[in-house]
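The block underneath contains the structure these notes are about, expressed in C-alpha cells.
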Amino acid sequence: MSCRLIDAGLRFDSLNMQEVQDSMKQRVGVIGGGQLAWMMGAEAKTLGLELWLQTPNASDPAVARADKTILADLQDITATAKLSEECAVVTFENEFVDLEALGKLAAQGANFRPSLAFLEPLLDKYDQRRCCEKFNILVPHYQAWSLTDGLPEGWQYPLVIKARRHGYDGKGTFVIKNEAELKALPTGLEQTPLLLEAFVPFEQELAVMVARSASGDIRVFPVVETQQIHQVCHWAIAPAAVNNTVEDKVIHIAQTLAENLGLVGIMGIELFLTPAGEVLVNEIAPRTHNSGHFSLDACQTSQFAMQLQAIAGLPLGSPDLLVKGAVMVNLLGFEHSDSDYDHKRQILTQMPDSHVHWYGKAGASPGRKLGHVTITSPTDDRSTLMAIAKKIERLWYAQSDE
463 MSCRLIDAGL
473 RFDSLNMQEV
483 QDSMKQRVGV
493 IGGGQLAWMM
503 GAEAKTLGLE
513 LWLQTPNASD
523 PAVARADKTI
533 LADLQDITAT
543 AKLSEECAVV
553 TFENEFVDLE
563 ALGKLAAQGA
573 NFRPSLAFLE
583 PLLDKYDQRR
593 CCEKFNILVP
603 HYQAWSLTDG
613 LPEGWQYPLV
623 IKARRHGYDG
633 KGTFVIKNEA
643 ELKALPTGLE
653 QTPLLLEAFV
663 PFEQELAVMV
673 ARSASGDIRV
683 FPVVETQQIH
693 QVCHWAIAPA
703 AVNNTVEDKV
713 IHIAQTLAEN
723 LGLVGIMGIE
733 LFLTPAGEVL
743 VNEIAPRTHN
753 SGHFSLDACQ
763 TSQFAMQLQA
773 IAGLPLGSPD
783 LLVKGAVMVN
793 LLGFEHSDSD
803 YDHKRQILTQ
813 MPDSHVHWYG
823 KAGASPGRKL
833 GHVTITSPTD
843 DRSTLMAIAK
853 KIERLWYAQS
863 DE
C-alpha cells in the first residue's frame, strides 16, 4: 500500500528537535476522515490542537479541517505507523480496525486512545454481550449462531440476527418475523459469524454518551431518546422523557462500562427501555456517535471536544445542556443525486434556533448521512420536540428541491 501526505501549511525544516517534540504534545491523529472526524476538526482548533488524519480520499469531509492528512487506506499499517510517529496520541473514527496489526505498533510505542485493550471486547457484538453480563448489565437474550445451524429449539419469532462484526447503520442486522424471512436471508451470511437475539418489544430507544479521562474523571451526557428506522438513527431528542429511576439506571450503566473497561475517550451506548422499566444495552460504539451530535449546539461541551480533551490529557468540560431541550434530525440521502440540496438547507437554516451541519460529501444516495440539523428549544416537552422533528423530515424528504 502507498500513502501520500497533504500538508496544510505546517513546516518543520526550520524547527529544532525540542520545538518538534513540544508541537507533538498538541498533535492528535485520527484514523478516518468522515463526518465524525470533520466535526472533531472544528473542536480541535478551538482547543488549540493540531489534527492529523489518515484517510483514503482527498475529498473526504475531514480533510478540509485537518492540519495534515496522510492519504492512505484505513488499514494501511505503514501509514498508521507514520501517523503515530508524528502525533502524541492516535484515536479512531470507527471501530473497524485490525487489532493485531495495531498491537505491533503499540508495542513499539504508539499511543492509541482509547486503548486496544479497551476496544478488544467491543469489536464483536457477542463479546459486547458477554462483557455487559460480566458487569451485571442487562442485555437481550442471545447466543452465537450460524445460518447453517437452523433455528435453535425454544426460539420464537420475531427475532433479530446480527453480523457479529462490521455492522453499522442497519448493515448486517435483520429483524426476522417468520420462517419465510429466515429462509430469505442472503446466502452469503452462511460464512458469517452471527448473533441471534430475542426481539425486545421496547417502549423507547435510548442512548447516552460517556467520556472518561486517563485520570479516571467521568462525564455522562444527557440521556436521549432516539428513533431508529431500519436500524438507522433518524432523530434524537434531548433530554429523554424518562423518570429519574430510568435515568439513574442509564447513568449507572455508562459509568460502569467506562470505569471497568478503562475508557480513555468517549463512547456511545444504545439501550432499550421496556414497558416494565428495565434498561437493556443494545449496542456499544467505542467512539463519538450519531446520538451525541446534538451536543455540538446544545451542551456546554460537545462530544467531539470531550473526546479530544480526554485523549489529549486536557481537563474534561461539562456535558450539561445549555438549553431546556433539543432535537437533532439526520439529513439522510433519499435518492441518487449530485445535488447539494442548497434550497432545502436554506429553509432549514431559517427555522428558529436552527443549526445546520452539512458534511460536504460528494454525491447523495439512499440512506447516506449527508448532514444533520439541531433545533435548540426553550422546552423539553417530548411532543413539541417530536413535532419539530417531523416537520424537518417532511421538508427534507419532499421529492422536489424547488
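All the letters of the sequence shown, read from the start, carry residue numbers 463 to 864 under the numbering used here. Just so it is clear, CB atoms sit at the ideal spot from N, CA and C, and this is done for glycine as well. From a predicted model like this one, the values you see are computed outputs, not experimental measurements.
Nearest in C-alpha terms to V785, of all of E709, I691, P684 and T750, is P684. Remark: three or more beta-carbon pairs, one from each stretch, lie closer than 8 Å, so the segment 844–854 and the segment 697–712 are flagged as touching.
Beta bridge pairing from DSSP links L794 with K831. N556 and A499 have their C-alpha atoms some 10 Å from each other. Secondary structure at F661: coil, using DSSP grouped into helix, strand and coil. Remark: C-beta atoms of A669 and G730 approach each other more closely than 8 Å.
Using a Cβ distance threshold of 8 Å, V743 and V637 do not count as a contacting pair. If you ignore the 5 residues before and after I680, its C-beta comes within less than 6 Å of the C-beta of R674, Q717 and A720, all in its own chain and listed in chain order. Just measuring C-alpha positions, the residue of P518, K624 and L578 sitting nearest L609 is K624.
Assignment of L651 by DSSP, reduced to helix, strand and coil, places it in the helix class. Here G503 has L513, A524, R527 and A528 as same chain residues with Cβ atoms under 7 Å from its own Cβ, once five neighbours each way along the sequence are excluded. Across the set I728, G787 and T736, the C-alpha of I728 shows the shortest separation from the C-alpha of Q765. Pairing A534 with A543, the inter-Cα distance amounts to about 12 Å. L794 and W820 have their alpha carbons spaced roughly 11 Å apart. Counted as a single uninterrupted DSSP element, the beta strand (DSSP E) harbouring A625 occupies residues L621 to A625.
With respect to the 8 Å criterion, D800 and G825 are classified as neighbours on the basis of their beta carbons. Cβ-Cβ separation between I773 and T553: approximately 5 Å, consistent with a contact (criterion under 8 Å). Linking L644 to I493 through their CA atoms gives a straight-line distance of about 37 Å. C593 is bridged by DSSP to nothing; it lacks a bridge partner.
E732 has A669 and E745 as its beta-bridge partners, per DSSP. Within the same chain, V672, I713 and A716 come within 6 Å of V682 by CB-CB distance, once the 5 residues on both sides are set aside.
For the set N792, M768, Q771 and I746, the Cα lying nearest the Cα of I691 is the one of N792.
Only residues of its own chain outside the window of five on either side were considered, and among them V637, I638, K639 and F661 have a CB closer than 7 Å to the CB of P620, listed in chain order. The beta strand (DSSP E) runs of length 3 or more contained entirely in the segment 554–619 are, from start to end of the chain, 604–607. Cβ atoms of N722 and F574 stay farther apart than 8 Å, at about 19 Å. For G724, the number of other beta carbons within 10 angstroms of its own is below 16, and it is reported as exposed.
Minimum Cα-Cα distance from Y588 among the listed residues N519, E659 and Q666 corresponds to E659. Residue environment: Y859 is assigned as exposed (fewer than 16 neighbouring CB atoms within 10 Å of its CB, all protein chains considered). Residue state for G754 is assigned as helix, using DSSP reduced to three classes. Under DSSP, E512 shares a beta bridge with R489. According to the DSSP assignment, R681 belongs to the beta strand (DSSP E) that extends over I680 to V682. Going by C-alpha positions, F558 is about 22 Å away from Q605. Note: V551 is bridge-paired with V490 in the DSSP secondary-structure output. In this model, Q762 and A702 are separated by some 18 Å (Cα to Cα).
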